[in-house]
């Protein structure tokens, strides 16, 4: 293989790996600790669905269908208990995962945006800046200066 082909294969494998890792979401606990007891069951189901598949496209009708409620009722539950719409919650969730990946991986900003479910890089960058007060590239630049080794073999 040629060096460019090796690089593309490596990048593809890394993206596939991080995609699988993000689907399992071990590093992303539910946002509310009261998830299992104090929230209505349809809202718990919606949050579980969004946390498990935040990087996939989903419509409000599909989400409401998974929860066996109407879209209007689901929106009311989100607003009443979380103070946001389902899409605002999903957007925050995606941005939180993107921020984590920017700090902890060497993936490009575009790859991260795609992996967390954004189809438009400019839209992702705009939302990220609004949420964190800095661009994804500046988070990446800062991360490079404070980069920790992946594996420490001495101490």
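Numbering (this note's numbering), first residue to last: 394 to 548. Using N, Cα and C, we set each Cβ at its ideal position, and we do this for glycine too. Bear in mind that the values here come from a model prediction, so they are computed numbers and not experimental data.
{"Asked": "Rounding to the nearest angstrom, what Cα-Cα distance links residue 461 and residue 442 in this structure?", "Found": "13 Å"}
{"Asked": "Cutting at 7 Å between CB atoms, please list the residues of its own chain near residue 474, excluding the five before and the five after it.", "Found": "432, 436"}
{"Asked": "Residue 494 and residue 444: beta carbons closer than 8 Å?", "Found": "no"}
{"Asked": "Between residue 528 and the rest of its own chain, which residues show a CB-CB distance below 8 Å, the 5 nearest in sequence each way excluded?", "Found": "518, 521, 522"}
{"Asked": "Classify residue 502: buried if its beta carbon has 16 or more other beta carbons within 10 angstroms, exposed otherwise.", "Found": "buried"}
{"Asked": "Note down, one range per segment and in chain order, each alpha helix (DSSP H) of at least 4 residues found wholly within the segment 421-508.", "Found": "434-445, 453-460, 464-475, 479-497, 502-508"}
{"Asked": "Exposed or buried, residue 510, counting other C-beta atoms within 10 Å across all chains shown (16 or more means buried)?", "Found": "buried"}
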